[in-house]
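Here is the structure we will look at, set down as structure tokens.
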Amino acid sequence: MERPDTVKASSAWTARGLAVGAHALDPEVGLSLLLKTWGKDALMASLPAQEHRKLMQHLDFVTVPPGRELIVQEEKGDYALIVLEGLVAVDRVQPTGARARLAEAREGDVLGEMSLLDAGARFASCLTLSRCSLAVLSNAALDELAIEEPRLGLALMTSTARRLSLRMRQLSARLGALLTAG
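Counting in our numbering, the sequence shown runs from 728 upward without gaps.
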């Protein structure tokens, strides 16, 4: 997986990327896919094109074949993934080894953002169900982005926070329905 020296992938993603057979995606293509999925966000849309291009210095863009575990439950993590293309299963692995499907992530969804922010253990495992194109954001790259490009960092984090909030609301509604059903 070759990338420019300016990109700072986490050692955790470097190891995981090798394990899942990730291949570098042309950064221009990756950025185009990212803007297609996140370009409607008010803050992202308000940024000029040259600001968007700076994202290429802080993100890795990769493709991953189907059937690969991008994130392993209970593993410590320091990166998040933005799904640009494809479908990813988000499963909670039970003590018996059975997988309980929590969600399926699609274009624009973020995976692993909780561990990116708090360096805690992963809550679920994420398995590619199809060939996926992804943007990888490491904790180190996020910190660098916040320092070097604060406006861009704010837009990226606000967009991520909105998606996390929406997911929490959806999960809360599902939990509420389960609790009232029986």
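Ideal Cβ positions, reconstructed from N, Cα and C, are used throughout, including at glycine.
For D845, the nearest candidate out of L829, A873, L761, G804 (CA to CA): G804
Quick one, which of M771, A848, G880, A862 has its alpha-carbon nearest L760's? A862
Please name the residue or residues paired with H779 in a DSSP beta bridge. Paired residues: none, contrary to the question.
Exposure label - V756; buried when at least 16 CB within 10 Å: exposed
Identify every residue that forms a DSSP beta bridge with V756. Paired residue(s): none; V756 is not in a bridge.
Taking its Cβ as the centre, do 16 or more other Cβ atoms sit within 10 Å of S886, making it buried, or is it exposed? buried
Among A904, L856, G839, which has the Cα closest to the Cα of Y716? Because the chain here runs from 728 to 909, residue 716 falls outside it and cannot be looked at.
Span separating the alpha-carbon of Q821 from that of S773: 43 Å
According to DSSP, is R896 helix, strand or coil? helix
Just checking my contact of V791 with V747 at CB under 8 Å: how many whole Å lie between their CB atoms? 5 Å
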